[in-house]
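Colleague: Protein chains in written order, with the numbering used here: chain A, 19 to 332; chain B, 19 to 332; chain C, 19 to 332; chain D, 19 to 332.
Note that CB positions come from ideal geometry on N, CA and C, so glycine has one too.
Pasting a structure here, questions to come.
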């Protein structure tokens, strides 16, 4: 059965027809007006009808950045779009018609599910997905099922506390994992190193045009790839935090594979090697269990669409 | 369908017939010789046959303290009994006969499941059980299913790291949650307080017969119940760590209820109140989700037996 | 012997004649142009000459915010004024004439010295001064002598590390004491509490006109004085960090008195009580030593001038 | 002027005549009975009289392990000898006669002073001495004067807190520097690594005869010198903690040199290199100040005697 997957971003919407192997058969894009939620409903519905004329589809899955109710119908709160307790599934269903069921999923969960079904997590029973971009998001699969939690807000991995009294997070708490394992953390660490370790920061500053404030994640990755010692150390620190935090999750959930996605994953082995070292060094019961694999994500930007479509079929 | 539940402790085995409502219809006990694993098999099988003559039973569930394989057949390692990659389920089945299936479960998981099905967690979909005795064990239920993990070692909650560079744990790592949220932690904190805060420790020392080394958990609870300020503070510190750590789990799993069992739970509200405060203070997305309940366990010492029997039915 | 004390702030200069009991006999003020260091020299020299016509003075002491060389002659670096390896003492002496010696002191050291000689530290042999404003500065007196260190940069108390992996500091390091014991920390904690604990933050938000970003330290103090629970807790947290950090200093230096100055000191007992509790709770060798007093500063805004004058006499 | 130095250990007393250049001209030893404090007085007095017959001495300095009053007369408490508010100086003076003044000093302070006057700290104005044996002791010199503190208990460097919620210390507190920068910490870390990282611990276990519990500090040093990766990492971790903690002291005191003594110093560059790296990485105001030297102690076992003698002359 084909299904339609919808991925609603801050500025545009991607809508595609996805087959049972996760392949995208057709795809269209629409603009988003984040303040006009009814227009988003209509844009999605129009595209679904358009694609439905070309393909027989059995379900529609919508990936949305925000808190989604556990029954997969409602966006309770979204940071970037004006949804507040918004019944997104029924709104779209009302426009598309009753014959095709519509479900809503958190976008990180949808992307993680795509990775689980068709990407680096395929074949596993238990998976932790970490999406390391500006922040740290994720998805959790237990016993081949996506974990949504009682109220739909599971897998907020970035807000596990890893350092009591640690860096402040936008969520108002101290020491959230996101403050140690994210692109923002990498950039903040790089900027701080320029102040605290000026004798080591020459190459990083060069890449940022001599201005500390303009340092971005790719500057760190590039310098590290050139062999710059400070940049290598910054990525290693980030990787250690990823691995050590993942070991705490593994104590709780015993996953088979940990998938690393998001922009920071572009650093590749410069990040993966310290992540694996940190994970092994902190893993409980080492010697009494296999060590979970840590792998880069394989699905690209369409992961949310693909995962939402696949989840809608279930 | 009735099922037999078996709970193998360090010195004795409890075997009982459990109905579908978690009631124990009959129960026998046997001694354990932890070094003679074949004798344990025989003792269990004999009791099962004996009980099977009186009740019609459809399954046998065995709760064992140790790492149990995810397929519920084998104890891979046990700290107190000489099981090493021991196929406990098939050993017992060979003695009992093929008509009744036998499954093995980790004892903390079994006890947690009893709580989920028949105790403080009943009616919930997602539950975290914390068993706070000498150490910190637990069980995790997600979507009404027990979480065993890929290799059967999930729910090792005590070994999530909560303080980098923190107290050493018997597992060889620093800062495990067990070192902050357990009876051992309470006693260690109490003994330390006698040294660091001698002016506050009079009542605690009295209860321990004047000897710091003889302070035990119940002394702290008793002093706290009398209103002793230091003892109240010690339990509050323990409760805060329980609640704050549970908030990290909640970020990952979004449970509906957190059940507190084990000997330390005897402190009741002296522990629960700070645990709830710590949980609320650290919970991410407060205001966008309900706050999970934190409740005392309701099942008693037979929880492992009851839970193993019920899991065997599934 | 009378001495002239000079306190160079970011926007104005205070110059006064101070007698041996720390009393200010006369005082004038001048504007500062932080980018024109020669104009600062001239303004100081003019005022010194003017005051020197009225009083017989034996020395001139200049308090400057910046790194001052251990020989009391040179400002090596200043954050707000364009001094870079600037021989401030000789520049002023060249204008005033050779008959009156000129010395330069760090402004926090000068203010601490005034407190030691004429304020809350008088009579003590060993003192720690903590100036808690936007940041955390201080001064250290050991054996009745001001501690300047080998290169003049001692008493940077705010940059002792109290939390590995803790909040980032402007100095580029993580976990500096200043990030836990300062007005900035108080405001940051208050703003975070509004996000993390919205149900408790009503009064604080009211005082800030309903805008989280406009919360200032005095709002916290005012709310706490009214009895607002969150504000009391925020000040208590700040006080605990002051006291616990001071206990680390006490392990090293064994002071007799710890003096708390700066704007945050206005919270009085709401701050002092938890500071004393934190100090006592963390003090090593409690029971084998008296507990140092923790007191509010007594000298006001002229402390820098008074202390610089007194140090110049020595 | 020659002076007599006395170093009272747990099982024996060393008494020697020391010249103004720190050379030992003559030396005798006596046994200690730690429970019979009068016998210790007599043994010291007898030896002093004996040596005084051969050399003209102007003062007697006694180094004692314990809390010594700031006026250098009384041992207030000692962990290993039965002194409790014991006026050791006057007891010895009563036996030796009034013509030679007697002073008492804390033994770590005396040893640090020897290093300052005649060892790795000579020529400096400000020094931090760290004596890293089983525990972490030290001495502080500020402005060429030994820092004793208001009540004589300064320089308890091992009890500065470096990790909130960190390892418990014998003093009853959590996270004392001693728990991270001492021989005990090294051995504890090594034993833990055998549990947590068994695949890396082969060589360490071999050296300890295959028994984890028998691992000692020299095993780690030997394995590290052979190039064993785990042992090198363990010493590096220890060195980092030494350096990072020293950076906090440097923020407060701005020393010119940090001297590392005690048994652990035998690891040499395996310890010094990471200590220097940790110090530089954490030092505040790097770039605005020279980086203090970190050097190995030069004085041997007689440092306490030599330092006590020299302090008695002052």
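Please classify residue 29 of chain B: is it buried, with 16 or more other beta-carbons within 10 angstroms of its beta-carbon, or exposed?
Modeller: exposed
Colleague: Does the Cβ of residue 319 of chain C have 16 or more other Cβ atoms within 10 Å, making it buried, or fewer, making it exposed?
Modeller: exposed
Colleague: Among the residues of its own chain, which have a CB less than 6 Å from the CB of residue 311 of chain B, if the five just before and after it don't count?
Modeller: 275
Colleague: For residue 216 of chain B and chain C, any beta-carbon pair shorter than 8 Å?
Modeller: Contact of residue 216 of chain B with chain C is assigned, a C-beta pair being separated by under 8 Å.
Colleague: Across which residues does DSSP place residue 46 of chain A in a beta bridge pair?
Modeller: A:33
Colleague: So that I know if they touch, is there some Cβ in chain A lying closer than 8 Å to that of residue 253 of chain D?
Modeller: Not closer than 8 Å to any Cβ of chain A, the Cβ of residue 253 of chain D fails to qualify, so no.
Colleague: Decide if residue 112 of chain B is buried, meaning its Cβ has at least 16 other Cβ atoms within 10 Å, or exposed.
Modeller: exposed
Colleague: Judging by CA-CA distance, which residue of A:203, A:107, A:183, A:64 is the nearest neighbour of residue 152 of chain A?
Modeller: The option with the nearest alpha carbon to residue 152 of chain A is A:203.
Colleague: Report all residues from its chain with a CB closer than 6 Å to the CB of residue 329 of chain A; omit the five preceding and five following residues, and keep chain order.
Modeller: Once the five neighbours on either side are set aside, the close Cβ partners of residue 329 of chain A are 79, 123, 131.
Colleague: Could you name the residues that DSSP lists as bridge partners for residue 178 of chain D?
Modeller: Answer by DSSP bridge pairing: none, since residue 178 of chain D is not bridged.
Colleague: Checking contacts by CB at 8 Å: is residue 183 of chain C closer than that to chain B?
Modeller: Yes, because at least one Cβ of chain B sits closer than 8 Å to the Cβ of residue 183 of chain C.
Colleague: Do the CB positions of residue 84 of chain B and residue 20 of chain B come within less than 8 Å of each other?
Modeller: no
Colleague: What's the C-alpha gap between residue 44 of chain A and residue 185 of chain D?
Modeller: 58 Å
Colleague: Short of 9 Å Cβ to Cβ, which residues in the segment 297-314 of chain A face chain D?
Modeller: 298, 299, 300, 301, 302, 304, 305
Colleague: How would you write the range of the beta strand (DSSP E) that residue 103 of chain D sits in, first residue to last?
Modeller: 102-104
Colleague: Quick one: give me the first and last residue of the alpha helix (DSSP H) that residue 59 of chain A is part of.
Modeller: Run containing residue 59 of chain A: 55-72, per the alpha helix (DSSP H) assignment.
Colleague: Quick one: which chain C residues come within Cβ less than 9 Å of residue 269 of chain D?
Modeller: Simply 171, 172, 173, 174, 175, 176, 177, 178, 179, 194, 195.
Colleague: From the DSSP output, in three-state form, read off residue 230 of chain B for me.
Modeller: helix
Colleague: Exposed or buried, residue 120 of chain A, counting other C-beta atoms within 10 Å across all chains shown (16 or more means buried)?
Modeller: With a 10 Å radius around the Cβ and a threshold of 16 neighbouring Cβ atoms, residue 120 of chain A comes out buried.
Colleague: Go ahead and label residue 51 of chain B buried or exposed: buried means 16 or more other beta carbons lie within 10 angstroms of its beta carbon, across all protein chains shown.
Modeller: With fewer than 16 Cβ atoms within 10 Å of its Cβ, residue 51 of chain B is classed as exposed.
Colleague: Would you mind sorting residue 98 of chain D into buried or exposed? The rule is 16 or more other CB atoms within 10 Å of its CB.
Modeller: So residue 98 of chain D ends up on the exposed side.
Colleague: Using a Cβ cut-off of 9 Å, pull out every chain D residue sitting near residue 68 of chain C, in sequence order please.
Modeller: Within 9 Å of the CB of residue 68 of chain C, no CB atom of chain D is found; the nearest one sits about 34 Å away.
Colleague: What residue range does the alpha helix (DSSP H) around residue 300 of chain C cover?
Modeller: 287-300
Colleague: So residue 325 of chain D and residue 128 of chain D are supposed to be a Cβ contact under 8 Å. How far apart are they, rounded?
Modeller: 4 Å
Colleague: Let me check one thing: in DSSP terms, what residues is residue 20 of chain C bridge-paired to?
Modeller: C:75
Colleague: Straight-line CA distance for residue 46 of chain C to residue 160 of chain C?
Modeller: 33 Å
Colleague: Could you list which residues in chain A have their beta carbon closer than 9 Å to that of residue 20 of chain B, in chain order?
Modeller: Near residue 20 of chain B there are no residues of chain A at all, since even the closest Cβ is about 27 Å away, more than 9 Å.
Colleague: Please compile the residues from chain B whose C-beta is within a distance smaller than 8 Å of the C-beta of residue 191 of chain D.
Modeller: Per Cβ cutoff of 8 Å: 210, 214.
Colleague: Considering residue 218 of chain D, what are the terminal residues of the alpha helix (DSSP H) in which it resides?
Modeller: Here residue 218 of chain D belongs to no alpha helix (DSSP H), and DSSP marks it neither H nor E.
Colleague: Check the DSSP bridge columns for residue 148 of chain C and list the partner residues they point to.
Modeller: C:156, C:278
Colleague: Taking just the CA atoms, how far does residue 269 of chain A sit from residue 154 of chain C?
Modeller: 40 Å
Colleague: Just curious, the alpha helix (DSSP H) that residue 99 of chain A is in, first and last residue?
Modeller: Looking at the DSSP string, residue 99 of chain A is not in any alpha helix (DSSP H), and its letter there is neither H nor E.
Colleague: Are residue 133 of chain B and residue 254 of chain B touching if we call contact CB-CB under 8 Å?
Modeller: In terms of Cβ geometry, residue 133 of chain B and residue 254 of chain B do not form a close pair [threshold 8 Å].
Colleague: What are the boundary residues of the beta strand (DSSP E) that includes residue 121 of chain A?
Modeller: 120-124
Colleague: To the nearest angstrom, how far is it from the Cα of residue 126 of chain A to the Cα of residue 150 of chain A?
Modeller: 11 Å
Colleague: Going along chain D, which residues have a C-beta under 9 Å from residue 206 of chain B?
Modeller: Annotation: Cβ neighbours of residue 206 of chain B in chain D (cutoff 9 Å, chain order): 186.
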